[in-house]
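Residue numbers (this note's numbering), protein chains in the order written: chain Y, 1 to 387; chain A, 388 to 774. Just so it is clear, CB atoms sit at the ideal spot from N, CA and C, and this is done for glycine as well. Predicted model, so just to flag it, every value in this text is computed and none were measured. Working notes for the structure below.
Protein chains: 2
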Amino acid sequence: MLNFELYNPVKLIFGKGEIEKLSTLIPKESKVLVAYGGGSIFKNGIYDQVKTALQGFDVVEFGGIEANPYYETLMKAVDIIREQKIDFILAVGGGSVIDGVKFISAAVHFQGNPMDILHQRILFKEGADVVPFGTVLTLPATGSEMNSGSVISIKATQEKRDFGGSAMFPKFSICDPTVIASLPKRQLQNGVIDAYVHVLEQYLTYPHKGYLQDRIAESILQTLIEVGPQVVENPTDYTLASNFMWSCTMALNGLIQKGVPSDWATHMIGHELTALYNIDHARTLAIIGPNLFRVLFETKKEKLAQYGKRVFQLTGTEEEIARQAIEATVAFYHTMGMKTKISENAANIENTADFIVNRFEKRGWKALGERQNLTLDKLREIVELSY
Amino acid sequence: MLNFELYNPVKLIFGKGEIEKLSTLIPKESKVLVAYGGGSIFKNGIYDQVKTALQGFDVVEFGGIEANPYYETLMKAVDIIREQKIDFILAVGGGSVIDGVKFISAAVHFQGNPMDILHQRILFKEGADVVPFGTVLTLPATGSEMNSGSVISIKATQEKRDFGGSAMFPKFSICDPTVIASLPKRQLQNGVIDAYVHVLEQYLTYPHKGYLQDRIAESILQTLIEVGPQVVENPTDYTLASNFMWSCTMALNGLIQKGVPSDWATHMIGHELTALYNIDHARTLAIIGPNLFRVLFETKKEKLAQYGKRVFQLTGTEEEIARQAIEATVAFYHTMGMKTKISENAANIENTADFIVNRFEKRGWKALGERQNLTLDKLREIVELSY
């Protein structure tokens, strides 16, 4: 087990009907920017619930934060906060809105060009001068409601970049599982797979003797396999919705990565597919992940075998189980409605590998992954296998 | 799944060699009370490590906090803090020292009789006027290093009482698994069982559709079964020590109880055996727990069957598996060196049931447990079965 530091001060309020607690969670006398996305909160009643709970607060609204939120969009909110002296931000949305609000929070008082936050991957530590924020989660998937990371897209350069730090934890997050009732099936499918791959990134590396961490990771995978296919058909079932939502939060609230190596190469490659073709984030992960396991089979096969045995109850030799575990993963992704080839998700893809390899080269990235053995040659192989 | 609120701001620093970080964790210019127990920290080198790390701080020492710490002892530390204007407390010890420091922290500025903190079970919420404290864990078992609860004994009345609240979270806890190398086997055995029963109290209730919570609880049980028998023989093995220590913290840092019912009757009854006969806390749990499952079999059998299948891989009818799960638990306790009858741990025990029933009656406690169906009749039956 590796040494680790665990610190997560988010106050998580989980359950039905909890949105009304908002008024007790935001500091009195705050001037609040309510940030949201494309307007689904108007249809599903969450906007009304939030507005009712915020009676008595001075509220400014900022809508239109897109999926894979753009730096360019978020800077508009930064200007509003600076001009109107807003002192609290409430993100009402999924991972994109919450990630966007983290960027807004960090950028308002940032000394220098806010673009540097992304390009230089600035770390915002406790005590940094940021605007405090809370969240009302409307789409379980990313865990952003209980972590301190953020991924932002830059429209001008078609890039996705991440940043974070302990000042980027929400002060609170309200997770009401009933909000998923009105979500489109596609978004529910994406949420399940996003959370599932988050766990795999932190689990499917090499044996590291973090026995408890492994078992907790497997717990989340098993729960997502159990509830995932059902919840997309029955999003009003509270048992399914609550286990789905809680699994998504636990998949990326920092806990399971403590003391163990992690990979994240599937995400790094997947981000490029979103930037290039606007493929849904989760779907890029479902495309890349299995091919990454195939190409890096030799160095991942011990964990693949453990995963196959414990999560899919596979039997056979270690090598057989490890290979079958990849196929079982693909089968699960297909069950969840994923199409696991780039060509099933986008057109004119023949230069994808060249493009991504070139871009990584330009950034000076020579290798990725928990062993830093995913070289640019292997990157090309993974992407080409994914066509 | 029940609604829940999760908030745990403890900064947990986990791993070898981390004690030296103390100087960066305690606020500069603090006057620090270093509180410890019977002096084992002088033998195992931890005292020296702590003193070295605290160079430059104004330090006052308070030793002699006993196992099952006494109110009477702790009040001496309260006086010292008041007299010497100390503004930070560092607990160096196991659950008893840490629980004791929580009481000291709460009592210093408490308006009124500090005994009321225990008798009236005062809740110390965020913002309460308490003395901030951190911990260096020397004995994994209770999870006190990452929770906000405390159990204190009262010498005058032979009672054990608990209190807590979100102001009672340590500011930080340093958990270095190498500290267990010098612990007596008996304390290691107790630590494993203490953590194991902590999980059972939060898990072995009734089916509640918290699928993920159940699986995480089972993860901790499985890890303790895997490492427990080995770690007591090989406490210098870092893999065993680190998984043991992390399991103990995770067993009672609040996470697995979120959204599910919990029991705690085994603890309530066990506390009385410690108060009466000074039986080690963990050993009282090993005595009472299995008999509680036997007496409340009808209302616990569904979870017992799930536990038997998933943790012990038992097969048979649901009823058979549930019964065998109790026996498998007792067998595990025996493997861990527990003696599971009161008479194997103390003499002159014939009035135990009368005494405990009378005491619970006097407190007005009519029933315990997750269904409040552990009545005084059943309490008597459990205690008598334990003779």
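| Query | Result |
| --- | --- |
| Based on the DSSP secondary-structure assignment, which residues constitute the bridge partners of residue 162 of chain Y? | Y:151 |
| For residue 691 of chain A, I'd like the list of residues in its chain whose CB is within less than 7 Å of its CB, leaving aside the five on either flank, ordered along the chain. | 591, 680, 709, 712, 713 |
| Are three or more beta carbon pairs between the segment 305-318 of chain Y and the segment 239-257 of chain Y nearer than 8 Å? | no |
| Please report how far the alpha carbon of residue 419 of chain A lies from the alpha carbon of residue 480 of chain A, in whole angstroms. | 16 Å |
| Counting pairs of beta carbons, one from the segment 511-519 of chain A and one from the segment 438-453 of chain A, are three or more of them closer than 8 Å? | no |
| Of all the residues that make up the segment 388-403 of chain A, which are near chain Y by a beta-carbon distance shorter than 8 Å? | 388, 389, 390, 391, 392, 393, 394, 395, 396, 397, 398, 399, 400, 401, 402, 403 |
| Evaluate the contact criterion for the segment 43-51 of chain Y versus the segment 8-21 of chain Y: three or more CB pairs, one atom per stretch, below 8 Å. | yes |
| Taking Cβ positions only, does residue 23 of chain Y come closer than 7 Å to chain A? | no |
| Using the Cα positions of residue 552 of chain A and residue 162 of chain Y, report the straight-line distance between them to the nearest angstrom. | 36 Å |
| Can you give me the start and stop residues for the beta strand (DSSP E) that residue 544 of chain A sits inside? | That residue, residue 544 of chain A, is in no beta strand (DSSP E); it is neither H nor E in DSSP. |
| Does residue 144 of chain Y come within less than 7 Å of chain C when only Cβ atoms are used? | In summary, chain C is missing from the structure at hand, where the protein chains are Y and A. |
| Is it buried or exposed for residue 773 of chain A, if we count other Cβ within 10 angstroms and need 16 for buried? | buried |
| Could you give the DSSP three-state label for residue 392 of chain Y: helix, strand or coil? | Since the first residue of chain Y shown is 1 and the last is 387, residue 392 of chain Y is not available in this structure. |
| Report the three-state DSSP secondary structure of residue 241 of chain Y (helix, strand or coil). | helix |
| Kindly indicate which residue of Y:384, Y:115, Y:198 has the alpha-carbon position closest to the one of residue 140 of chain Y. | Y:198 |
| In angstroms with no decimal places, state the Cα-to-Cα distance between residue 650 of chain A and residue 759 of chain A. | 9 Å |
| Alpha carbon to alpha carbon, what distance is there between residue 461 of chain A and residue 454 of chain A? | 12 Å |
| Return the residue from the list Y:268, Y:147, Y:71, Y:138 that minimises the CA-CA distance to residue 115 of chain Y. | Y:71 |
| Check the Cβ-Cβ distances between residue 216 of chain Y and every residue of chain A, and say whether any is below 7 Å. | yes |
| Look up residue 32 of chain Y in the DSSP assignment and give the residues it is bridged to. | Y:59, Y:88 |
| How is residue 291 of chain Y classed by DSSP in three states: helix, strand or coil? | helix |
| Using a threshold of 7 Å, state whether the C-beta atoms of residue 539 of chain A and residue 497 of chain A are closer than that. | no |
| Based on the DSSP output, what are the partners of residue 8 of chain Y in its beta bridges? | A:395 |
| DSSP three-state label for residue 615 of chain A, please. | helix |
| Does the distance from the CB of residue 474 of chain A to the CB of residue 417 of chain A come in under 7 Å? | yes |
| Cβ atoms of residue 653 of chain A and residue 634 of chain A: under 7 Å apart, would you say? | no |
| Strictly under 7 Å for the Cβ-Cβ distance: is residue 211 of chain Y near chain A by that measure? | yes |
| In chain Y, which residues lie less than 8 Å from residue 613 of chain A when you measure between Cβ atoms? | 211 |
| I'd like to know whether the C-beta of residue 630 of chain A is nearer than 7 Å to at least one C-beta of chain Y. | yes |
| Is the beta carbon of residue 560 of chain A less than 7 Å from the beta carbon of residue 397 of chain A? | yes |
| When DSSP builds the beta bridges, which residues end up paired with residue 70 of chain Y? | Y:153 |
| Name, in chain order, the residues that DSSP records as bridge partners for residue 175 of chain Y. | Y:14, Y:137 |
| For residue 505 of chain A, does the three-state DSSP call read helix, strand or coil? | helix |
| Could you tell me if residue 42 of chain Y is buried or exposed, where buried requires 16 or more neighbouring beta carbons within 10 angstroms of its beta carbon? | exposed |
| I'd like the list of long-range same chain contacts for residue 360 of chain Y, defined as Cβ closer than 7 Å, with 5 residues on each side in sequence excluded. | 376, 379 |
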